[in-house]
Amino acid sequence: MSLPLCPNCNSEFVYQDQSMLICPECAHEWNPLEKLVEEELFTVKDSNGTLLNEGDKVTMIKDLKIKGSSQVLKVGTKAIIRRIVEGKDHQLDCKVDGAGEMMVTAKFVKLA
Ligand SMILES: [Zn+2]
237 MSLPLCPNCN SEFVYQDQSM LICPECAHEW NPLEKLVEEE LFTVKDSNGT
287 LLNEGDKVTM IKDLKIKGSS QVLKVGTKAI IRRIVEGKDH QLDCKVDGAG
337 EMMVTAKFVK LA
């Protein structure tokens with residue numbers, strides 16, 4: 237496994253000391269796992285508490301009124317998650333069967 241370049245000075249002489257990476261040229265020390273941990277904090281779960289990912293297929297667990305229209309997404313309607321965004325609700329940018337693209341709240345769907 238090759239080590240990354242130093243993010244501080246782009247030195248290629250970085251070495252590993254336990255979980256830390258150390259640059260001998262500018263003395264910069266960092267933990268390569270820290271960034272990964274931060275990314276994992278942002279997660280979106282469905283009604284069953286299952287982690288949702290982009291590309292997952294989901295179904296509606298209840299009838300959902302579409303904002304600004306009289307159309308309703310019926311329970312059982314299928315959708316594919318195209319993008320997940322951070323937020324209290326409407327986290328899922330979905331392509332919904334028969335309705336097109338829209339934002340759906342994660343707790344109103346379950347993994348198909
Ligand atoms: Zn450096």
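Take 237 as the starting number for the sequence shown in the working numbering and just add one per residue.
Here a beta-carbon is modelled for each residue, glycine too, at the ideal position from N, C-alpha and C.
Start and end residues, beta strand (DSSP E) containing residue i
{"i": "cysteine 330", "result": "328-332"}
{"i": "leucine 257", "result": "256-258"}
{"i": "valine 345", "result": "345-347"}
{"i": "aspartate 253", "result": "251-253"}
Nearest residue (CA-CA) to residue i, options the options
{"i": "asparagine 267", "options": "Val321, Phe278, Asp253, Ala342", "result": "Asp253"}
{"i": "threonine 325", "options": "Tyr251, Phe249, Leu239, Val280", "result": "Position check: residue 325 holds aspartate in this sequence, whereas threonine was assumed. When only C-alpha atoms are compared, the closest one is Val280."}
{"i": "aspartate 333", "options": "Asn246, Glu322, Phe344, Ile317", "result": "Ile317"}
{"i": "lysine 298", "options": "Cys242, Pro243, Ser255, Val340", "result": "Val340"}
Heavy atom of ligand 1 within 6 Å of residue i beta-carbon
{"i": "asparagine 289", "result": "no"}
{"i": "glutamate 261", "result": "yes"}
{"i": "cysteine 245", "result": "yes"}
{"i": "cysteine 242", "result": "yes"}
Beta-bridge pairing of residue i - partner residues as DSSP gives them
{"i": "alanine 315", "result": "Val294, Val332"}
{"i": "glutamate 265", "result": "Ile258"}
{"i": "isoleucine 320", "result": "Leu328"}
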